[in-house]
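Residue numbers (the numbering used here), protein chains in the order written: chain Z, 1 to 327; chain X, 1001 to 1327; chain G, 2001 to 2327; chain S, 3001 to 3327; chain L, 4001 to 4327; chain P, 5001 to 5327. By construction, the Cβ of each residue, glycine as well, lies at the ideal position given by its N, Cα and C atoms. Report on the following structure.
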């Protein structure tokens, strides 16, 4: 394979653990998982499916913290090293002028994306059903709520870190109002992050681990080979859903064109903390930190809808794997 | 009640039949229903849920014609009097540059709306699931396909006949990918009919005939009292869905604010042609012709998913009824 | 068969039509069905599943009148001849001291039963789910609401016209909170019509027309052979429920013991007014008038959840049929 | 098209009615439908989905007669003209030595096929679930029950009228144990009509009217162009199943190879007797009589799971239609 | 808060373990859980959801012991210390005169309540569906079966330990005949523990952990602040039900009036023995021992439908928590 | 009991571990379970539900190895001791002339049976739905694919190790096309392993652990008391299916006659490796090795659809248990 070059600033302090000697898989888990226990803050029932970014030489993030009433909330947090986190005990209280915009029902599964001059948070936002909410922040203290980008029912809204052509771009996964038994990934564009259109189908369900539904995971990583997208897929066993993850490469300028997409999963529930918890058998990646010079990739994922975990790989290894094991 | 004034040009040749003497309901059916039989064109299994507008002193329309394979198609048609129709035997073949836009899976339940200088057709358009398709025409011969305004899954997209503030506006009904068992009406805006946002919840399910789901019907009629919206509602009996219709008044400048909304239905399946057919027990209004000077209102509705029918009322009577029988 | 004697006063003015010459079934329909059209009162969407009793030499009744919002209500009515009815335009407003008892959600499928010194109405009463409501009246003008006899979820509560041993007695059909897909008939007793116990299973589903669920119909008729019970049964076709009716004989002193029960239905939807309407394919008997001296039996039944109809038979013929065609 | 030749003896007394002048469809209904009313025999609730063959210069058949308990039974019948039928009041009592074979639960939807020297009846036979039962007769009085050819769950077993290669051949439609929501047609062979194998997939669901499931109808008709198969297809509306019929041409020697198959239906519920009944919206063909010299084809079909009807066409017209309107 | 006083005799030998130093929750688990393993008796597949009371200075109880056929049975048991139990190897064989009363299908989820002069057992009793069975005992050797108090379908019947006004009182949870997907708590009264009425709605589902259904747990504890009720609630994840527990305070004289009710759960599945077993993710409290002088509360709960566990708290702490975290 | 004699050659090197001293159950697990980890071969997500036979003084087998795409495949393997296995990294590529026969969709849950002169593999084979595939081998290197024996939808096809009368014999479990919620065991015969018939019902669901469906496990073991059949049964909890196993004795010459059948399960998920994995709570036996002289029985079973495990018993103990604990 040709050498992969990755777009972005160096991130030398990325959290990292070398690949275990006997590891045969392209991704390896952090040996001290979970990194965030379910009860890190007093009011939390569980902390998972959360988004982390580099911030002022350290790390910041937005975390899904279901409270002990099992209400779904999102909280801001900070870390020196990306592993040990301090999470705000209170959920984010957004600033928004229009009461319809400021309105809060619930929020979950956040992603955070730096575009141009600020961080954008996107998450599954309750507005008469789940849809894609957006907010921006520059300091992870004050968050400005923007209009919902889409109508219900939608989940897994993930922004691209730069404009595609003249427009902002987003992936999302249309859903229904329950534990949706279907789901494909679509692409949408916006001139202003308020009005969205130019909707395109990106990719749908496939066999095995991704036969029920799929959804975008972390913010796509721009490389010379295309956008590297880690996504989750769901299989329906006779005992419910099993969430695994795979990878895809999307065309740089027409990201709704899929270049490669893994037939196998790259991570699937196998450890006790992934198989046992509030929802058994879930791995759900929501963030990835990449250090472009050396291609190190640290993935944050929720496990069993209960705790937050990490796994590692190299971007070029993952792209190589994706290429060689494509559907 | 204060006198209702209706926005729009006089339409003196509106199809019309006076209210029967013994009729106690606010809406009365045309005595010669159905006006369009299921087999008006050789390839049609059924013709229903169709949209009609005044056109060059006569009438034109876009018709849902399911073919004998039960594929859902939309066809153009013309009429001298709004009652006797000539429908094109071929479905509309849209013009569109982008192959993703020109792509045709299926289309159904069209509405037609004059805005500024042309007719816009909106319909339930198949694009990896049902969503809202748009096209424009000036002559009902050539139709230019535009981008889908929304992601799947959506149905019953209905444009407003003028901008609300600076933006075009639309009602729609988010759905799932089957015989959706839920459904509320939402409002969206667009600066250019391509990118949509500023989504607002308008109204949801209520008791009885509208307890399963609701959806906008004909293009809203602008009156001094607000936008008059005729909408359908669905009740789930032990033998399936029953589609009736009601009426609502929406705020003129913030149409997502509901002023009044009928608790009772204004028309419900009672005749043989509404109760027996491909889908028993359906009345589904998609168009309304109004003659502002005298307030005559002619409603076109699909019956039993099989044929197209008409019913009549006066705008001020219907508004009065809506006000007095509001939820 | 031995001669059947029927308990009760002569009712010489029972509505009646002789058996048609070519009729081969044990029950025959009234030639002028339906006797009550769906729109007899201005606010009604449909009038069906209603209960009629002799009253002061004439007839009175309680009627299920779904209003045009499709709210389920019960109304009082009067008739000179049992066929031509005057129904109150307003639903019954019950008198009850305790606000929890007086509370009104909805009511449907009433039965009326004379016991000792007054008429008792029982119906499916909304109290955080459907259960069995009771009230009493002496004049069909003032109705006194009593405690619900049972917890939700229950329907088709039917009182016996005299005490069984020392207790009042009732049949009912435990249900769920929707279009219940199961249902057997149970028997309960009460010393005071307020507290109920001594619950006994009476009979359950059987093959064919009664394979999904069954429920008691009119108040049981006391005869020398046992309690004659007309009941409905439901079959689930690929297009939903079909409601037919059958007959059973219950032990006089232990009415939870079934002596005979028809394998065939005695009436099933076959006419247009039974097969077409708000719920296609429903016959649902709720009342029966009997003239003991000659055994004439006039049955009132709802058709297609839309209108009220009548059918006739002789008690001894029906008992003979039940005996000969028993499961 | 080349001239179609049909295999088989002349059947000059085939029931027949000429095509109405204004009829635009390839198949036309008999003007006096239904030919068999639901109550032709005293114990029948409905008579439909039945099989008719020429017999000794007249006609004989096996009829699905659901009794008034709604038990599914099959009865023998005779006719002078194929239109006026005398049906035995008792169900067929089969002769069979092995008690497991002689065992009777229920039977429905029979087909009758002459092979070599006798008539074979195949039907949906209850044996711990629906499967394909077989019997043979030479006189329509005595019927010898054979082993079930297949395991449950199966329906719509239809024999070919001659061996394919060295084996007998059959079409069938694997099912589940309820109102099966899926279903494709398969082909099987047997050296002896007892042991079956060499199973092949023939064709599956397609769009529109045949999108839920399909099943073979009458015994295939051998022509120079291939086996002409009339089959039913099911669409699931929001009010349940709709049964229509289409046609296919199968390869003469490898009948699991489909040559043509209609995209449109050739008959679909449109009359009151097809749209209203125990199961609304059903046409279900089970038999066809053909007169090879002139190609007249008389189809027998069940309507609304209630009555038996007829429709007519010419074999060459139907083949031509199938060819021109193939999927 | 004012000092809570608890009604009842001192129970100085209550099983107890002090709160762990680092425990931040209002309830803490026993460090040696589970106290009863699944195979304590030879025939048991699992022992859980069981009821324990003080008895003659020691402890007695009724235990749900599903046998290895997975039949649901209830067994009597004894203990010196409330922790180490001896359970009868045979299920309880009840004494009852009426064969309908003595009849045994299955029993599960028992509660035991001392009222006046004896112990009453209530449980989910199979009688043509699950309903509330009752029996009484004075020695935990002989159990006298009483009439079922309610009709099917019901579960989680829990008696109050004294009369409310003149009547005995009970909570219950109407259900359907399967894994009921809904469920609210109701209140009923009886003059004699045989006939029940005066049914009142107490409380229904709420958000999060209690969004699918709720049900009463141990016998309510009478305090100066009201009846302290520990109850379970169910959330439906994409992998099935999750059972947690919360607490409520009910009005002393009108126990259908809810004073406080926890928004958060007080215990939810988090340990391996609660998350892994025959039904993953279940905590289900059925009994509580209280020592009024010091307010110690020992809760017995089933874990994962497999084993029996204990947890501890103080009554005043739990009431304080309920008050501060009320919905 | 009389002494059981077992048909078959001595198998002195059977893998074996003595019964633990404190074990009270008739079957005991291998202390080093699982014997085959999920990732024994590089491409496997899981290895389970697999079949093992003695082969040339050692052991061979066919293994279900779901690959990391979660495609279901079957692989050949060898072992010196029956415990340590070498599995081929590639799935079996079958030899078959007819392309319809050679066609490969997917395969799972294999069994292997020696009959006369070769090994027959039977498995759940994808052919437009799951059905029973067959192949034969003499060396576990070359496998010859035969015709599918049955139509879809079927699973758990298990051959008998000798002819019954003149015919080969097989058990199977008719299914639907998903996670089938029903299922009984049937028996079929074939003169040639190609054409099958003489279908007989063997046994159906029963209470408790086998209340949803059952299916044959390992190849039946011929003994003087009858065919010893180990089979699985499924219970549906509110969190999905639970797979346990039981045993039955079938008549030697009419194996569709059940002599005994265990009411209790003989093994049910209780260990972490059975309760946690891709499908929690599954034990699924597919093979058994027996040493006739001493009656040792080694059972191979899949655990949690993830790994392969072993358990042990003695044939005569298991038969004794079956007899004493029969339904």
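Mind checking residue i: buried by the 16 CB within 10 Å criterion, or exposed?
{"i": "residue 3010 of chain S", "result": "exposed"}
{"i": "residue 4061 of chain L", "result": "buried"}
{"i": "residue 5102 of chain P", "result": "exposed"}
{"i": "residue 2183 of chain G", "result": "buried"}
{"i": "residue 291 of chain Z", "result": "buried"}
{"i": "residue 23 of chain Z", "result": "exposed"}
{"i": "residue 333 of chain Z", "result": "Because chain Z here runs from 1 to 327, residue 333 of chain Z falls outside it and cannot be looked at."}
Rounded to a whole number of angstroms, what is the C-alpha to C-alpha distance between residue i and residue j?
{"i": "residue 4226 of chain L", "j": "residue 4252 of chain L", "result": "5 angstroms"}
{"i": "residue 5268 of chain P", "j": "residue 5282 of chain P", "result": "8 angstroms"}
{"i": "residue 1069 of chain X", "j": "residue 3244 of chain S", "result": "10 angstroms"}
{"i": "residue 12 of chain Z", "j": "residue 5052 of chain P", "result": "53 angstroms"}
{"i": "residue 1016 of chain X", "j": "residue 3271 of chain S", "result": "30 angstroms"}
{"i": "residue 3138 of chain S", "j": "residue 3078 of chain S", "result": "13 angstroms"}
{"i": "residue 300 of chain Z", "j": "residue 33 of chain Z", "result": "11 angstroms"}
{"i": "residue 49 of chain Z", "j": "residue 273 of chain Z", "result": "14 angstroms"}
{"i": "residue 1044 of chain X", "j": "residue 3207 of chain S", "result": "16 angstroms"}
When every heavy atom of the ligand GDP is checked, does at least one fall within less than 7 angstroms of the C-beta of residue i?
{"i": "residue 138 of chain Z", "result": "Although the ligand GDP was asked about, the structure shown includes no ligands whatsoever."}
So residue i and residue j are supposed to be a Cβ contact under 8 angstroms. How far apart are they, rounded?
{"i": "residue 228 of chain Z", "j": "residue 216 of chain Z", "result": "With a Cβ gap of about 12 angstroms, residue 228 of chain Z and residue 216 of chain Z do not count as contacting."}
{"i": "residue 4308 of chain L", "j": "residue 4047 of chain L", "result": "6 angstroms"}
message: Residues of the segment 2255–2267 of chain G in Cβ contact with chain S at a cutoff of 9 angstroms, in chain order, please.
response: 2262, 2263, 2264, 2265 and 2266: these are the residues of the segment 2255–2267 of chain G whose beta carbon lies less than 9 angstroms from some beta carbon of chain S, given in chain order.
field: Positions along the segment 5195–5222 of chain P whose CB lies within less than 9 angstroms of some CB in chain S
entry: Answer set for the segment 5195–5222 of chain P: 5195, 5196, 5197, 5198, 5199, 5200, 5201 and 5204.
task: For the segment 1270–1301 of chain X, enumerate the residues whose C-beta is nearer than 9 angstroms to any C-beta of chain G, in chain order.
output: Here the close residues are 1270, 1272, 1275, 1276, 1280 and 1281.
- request: May I ask you to list, following chain order, the residues of the segment 1153–1181 of chain X that have a beta carbon less than 8 angstroms from some beta carbon of chain S?
  value: Legend: CB atoms of the segment 1153–1181 of chain X lying less than 8 angstroms from CB atoms of chain S belong to residues 1179.
- request: Could you run through the segment 54–77 of chain Z and flag, in chain order, every residue whose CB is less than 9 angstroms away from some CB of chain L?
  value: Along the segment 54–77 of chain Z, going in chain order, the ones with a CB nearer than 9 angstroms to a CB of chain L are 66, 67, 68, 69, 70, 71 and 72.
task: With 7 angstroms as the limit, tell me which residues of the segment 4093–4115 of chain L have their beta carbon closer than that to any beta carbon of chain G; keep them in chain order.
output: Result list: 4100.
- prompt: Using a Cβ cut-off of 9 angstroms, which residues of the segment 5012–5042 of chain P contact any Cβ in chain Z, in chain order?
  reply: Contact residues of the segment 5012–5042 of chain P toward chain Z are 5038, 5039 and 5042 (C-beta to C-beta distance below 9 angstroms).
task: For the segment 5233–5246 of chain P, enumerate the residues whose C-beta is nearer than 7 angstroms to any C-beta of chain L, in chain order.
output: Listed by position, the residues of the segment 5233–5246 of chain P near chain L (Cβ gap below 7 angstroms) are 5235, 5237, 5238, 5239, 5240 and 5242.
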